[in-house]
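Novice:
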Amino acid sequence: MELLMASAIGVMTAAGIYLVLRMRTFPVILGLALLTYAVNYFLFATGRLAVNMPPVLRKGAETYTDPLPQALVLTAIVISFGMTAVVVMMALGSYLSSRDDDVILPPEDDSPREGDA
Amino acid sequence: MNHWIIVPVVMPAILAAVMTLAMRYHIGLQRVFSLAGSVALLAVALGLLAHAGSGAIEVYELGNWPAPFGIVLVLDRLSAVMVALTAALALVVLLYAIGSGWDARGRNFHALWQFQLMGICGAFLTGDAFNLFVFFEVLLIASYGLMIHAGGARRLKAGVQYVIYNLLGSTLFLFALGTIYAVTGTLNMADLALRAAEIPVGDSALLRVGAMLLFLVFALKAALLPLHFWLPNTYAEAPAPVAALFAIMTKVGAYAILRFYTLIFGPDLDATAALIDTILLYGALATLAVGMIGILGARRLGRLAAFAAIGSMGTLLIAIAGFTEGSSTAALYYAIHSTLAGALLFLVVDLVRERRGALAGALVPGPRLAQHGMVTALWFGAAIATAGMPPLSGFIGKLLVLDATRDMGAAWLIWGTILVTSLVAILGLAQAGSVVFWKTVAPADTADTDAPPAAQPALPLVACFVLLGGIVALSVLAGPVVRYLEATAAQLHAPAGYIAAVLGQG
Numbered sequence: 120m121e122l123l124m125a126s127a128i129g130v131m132t133a134a135g136i137y138l139v140l141r142m143r144t145f146p147v148i149l150g151l152a153l154l155t156y157a158v159n160y161f162l163f164a165t166g167r168l169a170v171n172m173p174p175v176l177r178k179g180a181e182t183y184t185d186p187l188p189q190a191l192v193l194t195a196i197v198i199s200f201g202m203t204a205v206v207v208m209m210a211l212g213s214y215l216s217s218r219d220d221d222v223i224l225p226p227e228d229d230s231p232r233e234g235d236a
Numbered sequence: 004m005n006h007w008i009i010v011p012v013v014m015p016a017i018l019a020a021v022m023t024l025a026m027r028y029h030i031g032l033q034r035v036f037s038l039a040g041s042v043a044l045l046a047v048a049l050g051l052l053a054h055a056g057s058g059a060i061e062v063y064e065l066g067n068w069p070a071p072f073g074i075v076l077v078l079d080r081l082s083a084v085m086v087a088l089t090a091a092l093a094l095v096v097l098l099y100a101i102g103s104g105w106d107a108r109g110r111n112f113h114a115l116w117q118f119q120l121m122g123i124c125g126a127f128l129t130g131d132a133f134n135l136f137v138f139f140e141v142l143l144i145a146s147y148g149l150m151i152h153a154g155g156a157r158r159l160k161a162g163v164q165y166v167i168y169n170l171l172g173s174t175l176f177l178f179a180l181g182t183i184y185a186v187t188g189t190l191n192m193a194d195l196a197l198r199a200a201e202i203p204v205g206d207s208a209l210l211r212v213g214a215m216l217l218f219l220v221f222a223l224k225a226a227l228l229p230l231h232f233w234l235p236n237t238y239a240e241a242p243a244p245v246a247a248l249f250a251i252m253t254k255v256g257a258y259a260i261l262r263f264y265t266l267i268f269g270p271d272l273d274a275t276a277a278l279i280d281t282i283l284l285y286g287a288l289a290t291l292a293v294g295m296i297g298i299l300g301a302r303r304l305g306r307l308a309a310f311a312a313i314g315s316m317g318t319l320l321i322a323i324a325g326f327t328e329g330s331s332t333a334a335l336y337y338a339i340h341s342t343l344a345g346a347l348l349f350l351v352v353d354l355v356r357e358r359r360g361a362l363a364g365a366l367v368p369g370p371r372l373a374q375h376g377m378v379t380a381l382w383f384g385a386a387i388a389t390a391g392m393p394p395l396s397g398f399i400g401k402l403l404v405l406d407a408t409r410d411m412g413a414a415w416l417i418w419g420t421i422l423v424t425s426l427v428a429i430l431g432l433a434q435a436g437s438v439v440f441w442k443t444v445a446p447a448d449t450a451d452t453d454a455p456p457a458a459q460p461a462l463p464l465v466a467c468f469v470l471l472g473g474i475v476a477l478s479v480l481a482g483p484v485v486r487y488l489e490a491t492a493a494q495l496h497a498p499a500g501y502i503a504a505v506l507g508q509g
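Residue numbers (our numbering), protein chains in the order written: chain A, 120 to 236; chain B, 4 to 509.
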């Protein structure tokens with residue numbers, strides 16, 4: 120299980136980093152989503168992997184699985200979910216207003232421009 | 004327990020929620036409540052500052068859970084100084100935003116503003132590493148909204164870049180926290196300090212990885228070279244009042260470095276000793292150089308101000324890299340100064356842009372501005388403060404930094420860089436100022452015949468003069484301020500008091 124978990128986190132992180140380095144916002148957002156999945160699994164694993172263990176000590180339980188990383192993962196999931204929604208909306212707005220999906224900001228021409236200062 | 008500690012976090016949160024729900028369409032009501040909230044925040048922050056001045060470290064246990072298990076807020080001198088600085092800056096910049104009408108160019112400005120204040124104050128007050136992550140996210144998500152306030156294609160595109168950079172930073176933050184939790188089994192900062200010290204040096208590889216990852220996250224926030232690439236576009240494209248408030252956001256990164264690498268991974272901890280000092284120092288020197296050369300090379304006022312912000316972070320991080328009491332004092336003084344000066348520069352740049360119509364921030368000669376003399380005087384003041392010339396506090400700040408780094412190994416390099424880059428900054432600022440303010444051409448000679456509107460609101464000018472007044476006050480009252488900051492640095496470099504205050508109770 121350790122090998123499966125570790126390789127899954129590794130592959131997702133690698134794929135996420137590759138996608139984040141793309142030129143267009145769509146793959147970049149997918150890459151960010153992959154990275155957040157990877158980090159969620161990573162956080163989950165920081166409490167050590169345990170199967171069929173109760174999260175809190177109670178009568179009859181020999182050992183328990185650490186409940187704190189699960190709480191942290193819950194927070195991280197909520198935040199990353201909200202952030203992904205925000206970045207999708209902003210990327211859409213940017214696409215609709217500038218008519219391209221590039222991540223890079225084109226250099227400003229030095230002639231004075233109209234509109235927003 | 005002193006319940007005032009949580010007020011800087013809870014009050015903006017409630018205010019923002021009420022504003023979004025009840026007065027979404029009433030900009031007048033929003034302004035009244037936002038201003039009242041900022042005044043109240045400043046009053047509370049000053050009260051906390053006076054309270055922390057006694058040297059006591061106050062702990063606020065959320066839900067009354069004792070320290071290593073529950074989340075705590077901690078008020079020490081450093082937190083109090085940073086919260087007071089945030090509150091003061093926010094009030095003045097809010098005045099500017101209202102006076103210039105920036106807040107009415109899109110909805111929800113004031114609600115996002117209050118959420119941003121909540122996040123910043125929370126980040127300064129929290130005593131829990133994961134809670135720090137949460138407050139970082141609060142301030143970031145509010146800043147995403149503020150960054151694209153009033154819209155525009157370029158601003159949206161720069162906003163997307165900014166969000167992507169910071170989401171990567173957040174992911175890295177979580178990896179760092181996960182690693183540190185896996186090694187130590189705690190995320191309470193005081194408890195972390197104890198546990199990190201118990202780990203044998205030979206067994207500390209993971210701890211060092213965690214410390215390094217955490218440093219990368221804070222360096223990203225503090226715009227340390229080579230992690231500064233998000234800053235110029237973001238600050239140059241953000242609405243001016245927002246960019247001025249962002250002047251405190253880079254300081255959140257600097258604060259976190261100062262806090263974590265004195266309290267948890269302090270100079271006395273063998274496992275992580277000298278792990279980041281060298282990287283931080285040389286990174287900061289490069290940051291300073293790039294920032295000041297950027298001032299000289301900028302072709303637009305917005306980018307000029309953004310590079311000035313990078314340069315000031317360089318000087319600040321050089322001082323932090325010393326990790327001694329003297330250098331931390333210098334760093335804190337320079338942090339206060341550079342926050343005020345950076346904000347002032349962004350606001351003055353906006354004054355110019357608003358008055359030049361289509362020319363905006365381009366560094367080409369234009370017509371005389373409305374209230375030309377006043378704006379020029381403000382630019383002069385902001386430039387002196389930014390470059391660190393006497394008589395304003397930038398000079399005192401740089402002097403403190405030079406004095407504190409005198410005994411460091413690379414002193415000649417630090418002195419040389421700071422002094423040469425100051426000269427470069429003076430050149431850049433003088434060049435920009437003379438093009439914009441001296442080489443005025445008659446409006447009829449330009450392609451654009453629209454004369455700038457004669458009447459410009461007075462409140463933005465007042466706000467700028469208040470900021471300049473703050474810088475002057477910081478220079479005049481340098482003695483008492485430095486004494487307070489010396490006590491702050493002493494408290495910071497004796498982490499036993501902090502740990503005892505947090506873990507000793509209950």
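Note that CB positions come from ideal geometry on N, CA and C, so glycine has one too.
Please read all numbers here as calculations on a predicted model, not as lab measurements.
Touch check for the segment 190–209 of chain B and the segment 254–274 of chain B: three-plus C-beta pairs under 8 Å?
Specialist: Result yes; three or more Cβ-Cβ pairs closer than 8 Å.
Novice: Out of B:E489, B:A380, B:V479 and B:Y487, point me to the one whose CA is closest to S437 (chain B)'s CA.
Specialist: For the purposes of this step, residue 437 (chain B) is identified with residue 434 of the second sequence, where counting begins at 1. Of the candidates B:E489, B:A380, B:V479 and B:Y487, the one whose C-alpha sits nearest the C-alpha of S437 (chain B) is B:A380.
Novice: What would DSSP say about Y63 (chain B), mapped onto helix, strand or coil?
Specialist: What you label residue 63 (chain B) is simply residue 60 of the second sequence in a count that begins at 1. Strand, per DSSP.
Novice: Rank B:A239, B:P69 and B:I421 by C-alpha distance to the C-alpha of R157 (chain B) and give the top, closest one.
Specialist: Along the second sequence, one-based indexing puts residue 157 (chain B) at 154. The shortest Cα separation from R157 (chain B) among B:A239, B:P69 and B:I421 belongs to B:A239.
Novice: Determine whether the Cβ of L162 (chain A) lies closer than 7 Å to any Cβ atom of chain B.
Specialist: Within the first sequence, the letter at position 43 stands for residue 162 (chain A). Closer than 7 Å: yes.
Novice: Do you know offhand how far V407 (chain B)'s Cα is from A322 (chain B)'s?
Specialist: Here residue 407 (chain B) is taken as the residue at index 404 of the second sequence, counted from 1. Here residue 322 (chain B) is taken as the residue at index 319 of the second sequence, counted from 1. Looking at the sequence provided, one finds Ala at residue 407 (chain B) rather than Val. So the two alpha carbons sit approximately 7 Å from each other.
Novice: Using a Cβ-Cβ distance under 7 Å, would I198 (chain A) count as near chain B?
Specialist: Here residue 198 (chain A) refers to the residue found at position 79 of the first sequence. Output row for I198 (chain A): interface = yes.
Novice: Using C-beta distances below 8 Å, list every residue in its chain close to L248 (chain B), excluding the 5 sequence neighbours before and after it, in chain order.
Specialist: Mapped onto the second sequence, residue 248 (chain B) falls at position 245. So the qualifying residues of the chain are L92, A93, V96, W116, Q119, L149 and A346.
Novice: Is DSSP giving A524 (chain B) helix, strand or coil here?
Specialist: As displayed, chain B neither begins before 4 nor continues past 509, which places residue 524 (chain B) out of reach and without an answer.
Novice: Is there a Cβ from chain B that is less than 7 Å from the Cβ of V147 (chain A)?
Specialist: Locating residue 147 (chain A) in the first sequence gives position 28, where the first residue counts as 1. It does; some Cβ of chain B falls within 7 Å.
Novice: Less than 8 Å between the CB atoms is what I'm expecting for G364 (chain B) and L304 (chain B), so what's the real figure, rounded?
Specialist: Taking the second sequence and counting its residues from 1, one reaches residue 364 (chain B) at position 361. Taking the second sequence and counting its residues from 1, one reaches residue 304 (chain B) at position 301. Confirmed, about 4 Å.
Novice: Using 7 Å as the limit for Cβ to Cβ distance, is N236 (chain B) near chain A?
Specialist: Your numbering for residue 236 (chain B) matches position 233 in the second sequence. By this cut-off, N236 (chain B) is an interface position.
Novice: For V444 (chain B), name the three-state secondary structure that DSSP assigns.
Specialist: Position 441 of the second sequence, counting from 1, holds the residue named residue 444 (chain B). Three-state result, V444 (chain B): coil.
Novice: Just to confirm, are M26 (chain B) and L18 (chain B) a CB contact at a threshold of 7 Å?
Specialist: Counting from one through the second sequence, the residue named residue 26 (chain B) turns up at place 23. Counting from one through the second sequence, the residue named residue 18 (chain B) turns up at place 15. Their beta carbons are not under 7 Å apart, which means M26 (chain B) does not touch L18 (chain B) by this criterion.
Novice: Check each candidate in B:F36, B:A274 and B:V469 and name the one with the smallest Cα separation from V204 (chain B).
Specialist: Your numbering for residue 204 (chain B) matches position 201 in the second sequence. Checked all of B:F36, B:A274 and B:V469; the closest Cα to V204 (chain B) is B:A274.
Novice: Under the assumption that A257 (chain B) contacts L320 (chain B) (Cβ atoms under 8 Å), give the Cβ distance between them as a whole number of angstroms.
Specialist: Numbered from 1 along the second sequence, position 254 holds the residue referred to as residue 257 (chain B). Numbered from 1 along the second sequence, position 317 holds the residue referred to as residue 320 (chain B). Right, their Cβ atoms sit about 6 Å apart.
Novice: Tell whether a beta-carbon distance below 7 Å holds between A126 (chain B) and V220 (chain B).
Specialist: Position 123 of the second sequence, counted from the start, is the residue given in the question as residue 126 (chain B). Position 217 of the second sequence, counted from the start, is the residue given in the question as residue 220 (chain B). Going by C-beta atoms, A126 (chain B) is not nearer than 7 Å to V220 (chain B).
Novice: Use the C-beta contact count for L259 (chain A): other C-beta atoms within 10 angstroms, 16 or more gives buried, fewer gives exposed.
Specialist: Shown here, chain A extends from 120 to 236; a query on residue 259 (chain A) therefore has no answer.
Novice: Please report whether the beta-carbon of Y168 (chain B) lies at a distance below 7 Å from any beta-carbon of chain A.
Specialist: Residue mapping note: residue 168 (chain B) aligns to position 165 of the second sequence, counting from 1. No, because no Cβ of chain A sits closer than 7 Å to the Cβ of Y168 (chain B).
Novice: Cβ of T449 (chain B) less than 7 Å from any chain A Cβ?
Specialist: Start at 1 with the first residue of the second sequence, and residue 449 (chain B) comes out as number 446. Because the pLDDT of T449 (chain B) is 49, which lies under 50, any placement of that residue in the model is unreliable, and the question is left without a value.
Novice: Mark L139 (chain B) as exposed unless 16 or more other C-beta atoms lie within 10 angstroms of its C-beta, in which case mark it buried.
Specialist: On the second sequence, residue 139 (chain B) is found 136 positions in, with the first residue counted as 1. Reading off the sequence, residue 139 (chain B) comes out as Phe, not Leu. The C-beta of F139 (chain B) has 16 or more other C-beta atoms within 10 Å across all chains shown, which makes the residue buried.
Novice: Give the straight-line distance between the Cα atoms of A499 (chain B) and I251 (chain B), rounded to the nearest whole angstrom.
Specialist: By one-based count along the second sequence, residue 499 (chain B) stands at place 496. By one-based count along the second sequence, residue 251 (chain B) stands at place 248. The straight-line gap from Cα to Cα measures roughly 28 Å.
Novice: Near I136 (chain A), what residues of its chain come up, given a Cβ to Cβ distance below 8 Å and the 5 sequence neighbours on each side ignored?
Specialist: Numbered from its first residue, the first sequence carries residue 136 (chain A) at position 17. Counting only Cβ-Cβ distances below 8 Å, and skipping sequence neighbours, we find G150 and L154.
Novice: Drop a sphere of 10 angstroms on the beta-carbon of Y214 (chain A), count the other beta-carbons inside from all chains shown, and report buried for 16 or more, exposed for fewer.
Specialist: Residue mapping note: residue 214 (chain A) aligns to position 95 of the first sequence, counting from 1. With 16 or more Cβ atoms within 10 Å of its Cβ, Y214 (chain A) is classed as buried.
Novice: Does the distance from the C-beta atom of P188 (chain A) to that of F163 (chain A) stay below 7 Å?
Specialist: On the first sequence, residue 188 (chain A) is found 69 positions in, with the first residue counted as 1. On the first sequence, residue 163 (chain A) is found 44 positions in, with the first residue counted as 1. Contact: yes.
Novice: Using the C-alpha atoms, what's the distance from A333 (chain B) back to F326 (chain B)?
Specialist: Position 323 of the second sequence, counting from 1, holds the residue named residue 326 (chain B). Position 330 of the second sequence, counting from 1, holds the residue named residue 333 (chain B). Roughly 11 Å separates the two Cα atoms.
Novice: Three-state secondary structure (DSSP) at R409 (chain B)?
Specialist: On the second sequence, residue 409 (chain B) is found 406 positions in, with the first residue counted as 1. Looking at R409 (chain B) - three-state DSSP - the assignment turns out to be coil, as it is neither helix nor strand.
Novice: Between R356 (chain B) and the rest of its own chain, which residues show a CB-CB distance below 8 Å, the 5 nearest in sequence each way excluded?
Specialist: Position 353 of the second sequence, counting from 1, holds the residue named residue 356 (chain B). So the qualifying residues of the chain are A243, L304, G305, A363 and G364.
Novice: On the three-state DSSP scale, how would you describe D106 (chain B)?
Specialist: Here residue 106 (chain B) refers to the residue found at position 103 when the second sequence is read from its first residue. Reduced to three states, the DSSP call for D106 (chain B) is helix.
Novice: Count the other CB atoms, across all protein chains shown, that sit within 10 Å of the CB of G58 (chain B); report buried if there are 16 or more and exposed otherwise.
Specialist: Position 55 of the second sequence, counted from the first residue, corresponds to residue 58 (chain B). With fewer than 16 other Cβ atoms within 10 Å, it is exposed.
Novice: Give every residue of the same chain whose Cβ lies closer than 6 Å to the Cβ of G286 (chain B), excluding the five residues on either side of it in the sequence, and list them in chain order.
Specialist: Translated into positions along the second sequence, residue 286 (chain B) becomes position 283. The answer, listed in chain order, is L227 and L228.
Novice: Quick one: which chain A residues come within Cβ less than 7 Å of T174 (chain B)?
Specialist: Residue numbering aside, residue 174 (chain B) sits at position 171 when the second sequence is read from its first letter. What T174 (chain B) touches in chain A: L154, T155 and V158.
Novice: Taking Cβ positions only, does A175 (chain A) come closer than 7 Å to chain B?
Specialist: Locating residue 175 (chain A) in the first sequence gives position 56, where the first residue counts as 1. According to the sequence as given, residue 175 (chain A) is Val; it is not Ala. Closer than 7 Å: no.
Novice: Check L215 (chain A) in the structure and name its three-state DSSP category.
Specialist: By 1-based counting over the first sequence, the position of residue 215 (chain A) is 96. In the structure shown, L215 (chain A) sits in a helix (DSSP, three-state: H, G or I).
Novice: Which residues does DSSP list as the beta-bridge partners of L76 (chain B)?
Specialist: The residue given as residue 76 (chain B) occupies position 73 in the second sequence. Answer is B:Y63 and B:T129.
Novice: Let me check one thing: in DSSP terms, what residues is L191 (chain B) bridge-paired to?
Specialist: To locate residue 191 (chain B), count along the second sequence from 1; it is residue 188. It is worth fixing the name first, because residue 191 (chain B) is Asn in this sequence and not Leu. Paired residue(s): B:D131.
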